[in-house]
Amino acid sequence: MKIFTSVNDVTNIDEMVNEALMLKKDPYAFSHLGKNKTLGMVFLNPSLRTRLSTQKAGMNLGMNTIVLNMDKEGWALEMNDGAVMNGSSVEHVRDAAAVLSQYCDIIAIRCFAHMKNKEEDYSEKIINQFKKYSTVPVVSMEGSTLHPLQSFADVITIRENWNKKQKPKVVLTWAPHIKPIAQAVANSFSEWMLKTDVDFTITHPEGYELSEAFTKGAKIVYDQQEALKDADFVYVKNWSCYTDYAKIACTDSSWMLTNKKLEVTNNAKVMHCLPVRRNLEVSDEVLDGANSLILQQASNRLFSAQAVLKKILETK
Amino acid sequence: MKIFTSVNDVTNIDEMVNEALMLKKDPYAFSHLGKNKTLGMVFLNPSLRTRLSTQKAGMNLGMNTIVLNMDKEGWALEMNDGAVMNGSSVEHVRDAAAVLSQYCDIIAIRCFAHMKNKEEDYSEKIINQFKKYSTVPVVSMEGSTLHPLQSFADVITIRENWNKKQKPKVVLTWAPHIKPIAQAVANSFSEWMLKTDVDFTITHPEGYELSEAFTKGAKIVYDQQEALKDADFVYVKNWSCYTDYAKIACTDSSWMLTNKKLEVTNNAKVMHCLPVRRNLEVSDEVLDGANSLILQQASNRLFSAQAVLKKILETK
Amino acid sequence: MKIFTSVNDVTNIDEMVNEALMLKKDPYAFSHLGKNKTLGMVFLNPSLRTRLSTQKAGMNLGMNTIVLNMDKEGWALEMNDGAVMNGSSVEHVRDAAAVLSQYCDIIAIRCFAHMKNKEEDYSEKIINQFKKYSTVPVVSMEGSTLHPLQSFADVITIRENWNKKQKPKVVLTWAPHIKPIAQAVANSFSEWMLKTDVDFTITHPEGYELSEAFTKGAKIVYDQQEALKDADFVYVKNWSCYTDYAKIACTDSSWMLTNKKLEVTNNAKVMHCLPVRRNLEVSDEVLDGANSLILQQASNRLFSAQAVLKKILETK
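Chains as they are written, first to last, in numbering that gives the first Met the number 0: chain A, 0 to 315; chain B, 0 to 315; chain C, 0 to 315.
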């Protein structure tokens, strides 16, 4: 593997899940693999889980890890090829990516959507420019449209919690929020679900339809209770509108997930990528209840990152 | 030891001091102890000595160390249980602490007093919420009311500079400052002094009485010269009012410690936790004089931290 | 070597270049040298290449590396001896440097010119105070007047690209910029060139004369095309005025380096320290052309830093 920026960079999801579960049992078994290799983690946005789990994943593999908060410790990058750089950007991504490639064996990058221009966000310009100009493998630590390390951890978590023969019913449900949030986690979860052996439903208020590029094949149900019926896993996440880009079209607090709502499910496990707005997106009782998988998901972030880094180190 | 947030978490101070002095002689003797263990250092406030000494302490024990400037690289934490999170805080401490526990074997946290609400600051809500929701040991790198790693280093320093049979006379003297500073260092020094074998006096202008929770048993003297008489150690520190919370009640520059003032002491050694406002709290001549212990204190920060981390690693 | 803040700290440039080229061939040959040694990297300003290359250099030598963004994670330092610290600075450099020396075996520091007061900037007060009050070796990661790790990497790069008997002609050419930029890279490149075996010319518009302290012995030519004639290496860099300090005296875009301008050279290699303002300082065609050495320079930053750290570790 030379790139990890979406599910499409994974040849065999099952094999990757097995790899991650093997690493979870024995996290230091490959601590020789990263010796004298450097993981450069470039942040254009804040991070908690991603920062810690990815750094630890590198350390578990014996890598040297360098964190660069480009937005705070560095300077603004120019993303447009051919630009006359007489404005506020100090360095072209072409140079920054090529220079980072001199010092790092893998570059991991976090670059959120700016939520102002749909075309620009959905072009994944930043990650794509890094892919274009880096001479070493690039890993997404969340781009403007996708968050594959999270989705991979989610797939691992579902696998750990499902041992029946039939497919589990997985429902992604929209939840309220006070700010316009990117669609990245929802898009990404959808495209991973559609490539794994589950029965996948998305429920959200009208106007919150995600891009079909990521959801084609999913069942879309606008009635949350109908969608939740017989669910085995419920994944809660807010996102802002895709069509009327970055707008908040619904503030209906009845979309918050509660135990009452879960009654129609098949004793469903509940998932959220975190950070979660408690008692706005999901009630405390659900998050802290016996069926909550949120900490297991967070724990699996380490092993999804470690499996990806391991695969890349072995490929080079 | 599973927690280190005050002197009350230490069973035997003498034994801990001996441990630290042993580590000072041979800092790398236990570099196997932290292998494949991760120290997560969470900062909600700036730091120099604490950041470097604690990180180096972890490294000396062979730990992986991860620094997270939560206030800059992360986001605002919600501290109130049951809150409806429709405001500015992005993640609940319950989730943040539990998630950090997935990746870290020890969580160290720095969280200063906000200096606005006495009850809130003195409840040590942030550290206590971290203790409540972390599943791994928690170490204070300075809370809103205490700074135990500093006080432990101070105790080590006094031990290194006193080999007489009788108790040394230790005086904590207030010093002027232009900003309202927390009482944490003063509270903490007081509670450590009261548990060690010294004759302990506090001197400050009226109105600067510290909370009795930390000073009960200390001699309080309002006349600085009287207090300093025959002192063996003089610890200088500014703090703002506790009773009339966070107020500055005195700006009298004559409280600054000078060589002249030290004449009544028993050739006292002078201590300060740093950072120090030179020529405002203490004169240059004192800080740079032969009796100044400020650098020895800073040096011992490494070994107080290392002794604490070692004790925790051995306990787990 | 106990200090590395300018070319004057290097006894034998040729030997240092050979050292760096040896490390480039075998970067991990001395990974035992830094065992249990700590490199403290103190940043008062942003950084990309310097941060990553110096940290990696330390890691390659087996050092523990600690990064401290003093401007963001710490607080303001007082630089004036004897100051009454009743203003905005929180800690005196005397204490900060002495304390860092307790935890670090080498202190590396980046402190740009403030571009307001020539005398202050050119006194290199910050680096000099660190040199004065540190008890361990100090390395400049760019001061207000010099950037020796960059210049050393530039010398290495020229050596790698020149194997003829005669001296190469090296031209430092001024380039346009929209902001007042320090003279540090230009000063430093000049003083290194004047100590190595090259024919060195500087070209710039009138008013951009650099301090003779760094350029004495260089040929100054105001006509860029005349200067570029028969050049073997062209180093492009903007700087603001030294005499009329920090002013922008020329905005003439015809000073931008293009392929057309390079026609009079001896098929010159083109250098820039980065970050570069593309199509303002240099055209894309030049930077991305076959004769561009910019990435090789960046790559050599690692080995210039590693050679310096190695020399210091061996000296102590």
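Heads up, the beta-carbon is just placed ideally off N, CA and C, and yes, glycines get one too.
Only a predicted model underlies this, so the values are computations on that prediction, with no experimental measurement involved.
| Query | Result |
| --- | --- |
| Roughly how many whole angstroms lie between the Cα atoms of residue 38 of chain B and residue 55 of chain B? | 11 Å |
| Measure the alpha-carbon distance for residue 285 of chain A versus residue 293 of chain A and round it to whole angstroms. | 10 Å |
| Here's the rule I'm using: 16 or more other beta-carbon atoms within 10 Å means buried, otherwise exposed. How should residue 190 of chain C be labelled? | buried |
| Assuming residue 273 of chain B contacts residue 306 of chain B under a Cβ cut-off of 8 Å, what Cβ separation, rounded to an integer in Å, is found between them? | Wrong, their Cβ atoms sit about 20 Å apart, outside the cutoff. |
| Just the Cα atoms here: how many angstroms apart are residue 137 of chain C and residue 64 of chain B? | 24 Å |
| Closer than 6 Å by C-beta to residue 268 of chain A: which residues in its own chain qualify, once you throw out the five before and the five after it? Chain order, please. | 160, 232, 290, 292 |
| Should residue 36 of chain B and residue 104 of chain B be called a contact, given that it needs their Cβ atoms to be closer than 8 Å? | yes |
| Which whole-angstrom value is the C-beta distance of residue 126 of chain B and residue 4 of chain B, which I expect to be below 8 Å? | 6 Å |
| Residues of chain B with CB under 7 Å from residue 91 of chain C, in chain order? | 277 |
| Quick check: is the beta carbon of residue 270 of chain A nearer than 8 Å to any beta carbon in chain B? | no |
| Could you name the residues of the same chain whose beta carbon sits closer than 6 Å to that of residue 50 of chain A, not counting the 5 residues immediately before and after it, in chain order? | none |
| Would you say residue 58 of chain C faces chain B, with C-beta separation under 8 Å as the test? | no |
| DSSP state of residue 38 of chain A, grouped into three classes? | strand |
| Residues of chain B with CB under 7 Å from residue 48 of chain A, in chain order? | 98 |
| With DSSP run on the structure shown, which of helix, strand or coil describes residue 163 of chain A? | coil |
| Is it buried or exposed, residue 250 of chain C, if we count other Cβ atoms within 10 angstroms and call 16 or more buried? | exposed |
| How many Å lie between residue 169 of chain A and residue 227 of chain A at the Cα? | 9 Å |
| Does the CB of residue 67 of chain A have a neighbour CB from chain C at under 8 Å? | yes |
| Hey, is residue 177 of chain B's beta-carbon within less than 8 Å of any beta-carbon in chain C? | yes |
| Take every Cβ of the stretch 64-79 of chain B, pair it with every Cβ of the stretch 82-92 of chain C, and state whether three or more of those distances are shorter than 8 Å. | no |
| Taking 7 Å as the limit between beta carbons, can you name the residues of its chain near residue 129 of chain A, skipping five residues before and five after? | 92, 96, 106, 108, 137 |
| Please classify residue 28 of chain C as buried or exposed, where buried requires at least 16 neighbouring CB atoms within 10 angstroms. | exposed |
| Okay, do the stretch 141-150 of chain A and the stretch 235-253 of chain A touch, 3+ Cβ pairs below 8 Å being the bar? | no |
| Thinking C-beta only, is residue 280 of chain B closer than 8 Å to residue 235 of chain B? | yes |
| Using 8 Å as the limit for Cβ to Cβ distance, is residue 274 of chain C near chain A? | yes |
| Looking at C-alpha atoms only, which residue of B:113, B:200, B:210 is the closest neighbour of residue 179 of chain B? | B:113 |
| Can you tell me whether residue 94 of chain A is buried or exposed? The criterion is at least 16 other CB atoms within 10 Å of its CB, across all chains shown. | buried |
| Using the DSSP secondary-structure output, state which residues sit across from residue 2 of chain C in a beta bridge. | C:137 |
| In terms of alpha-carbon separation, which member of C:0, C:101, C:14 lies closest to residue 351 of chain B? | With chain B running from 0 to 315 in the structure shown, residue 351 of chain B is simply not present. |
| One question on the structure: do residue 48 of chain B and residue 84 of chain C come within less than 8 Å of each other, judged by their Cβ atoms? | no |
| So residue 151 of chain C packs on residue 303 of chain C, CB below 8 Å; how close in whole Å? | 4 Å |
| Drop a sphere of 10 angstroms on the beta-carbon of residue 165 of chain B, count the other beta-carbons inside from all chains shown, and report buried for 16 or more, exposed for fewer. | exposed |
| Considering only their Cβ atoms, is the gap separating residue 173 of chain B from residue 237 of chain B smaller than 8 Å? | yes |
| With burial defined as no fewer than 16 other Cβ atoms inside 10 Å of the residue's Cβ, what is the status of residue 239 of chain A: buried or exposed? | buried |
| Are the Cβ atoms of residue 30 of chain C and residue 76 of chain C separated by less than 8 Å? | no |
| For residue 52 of chain A, which residues in chain B fall below 7 Å Cβ to Cβ? | 102 |
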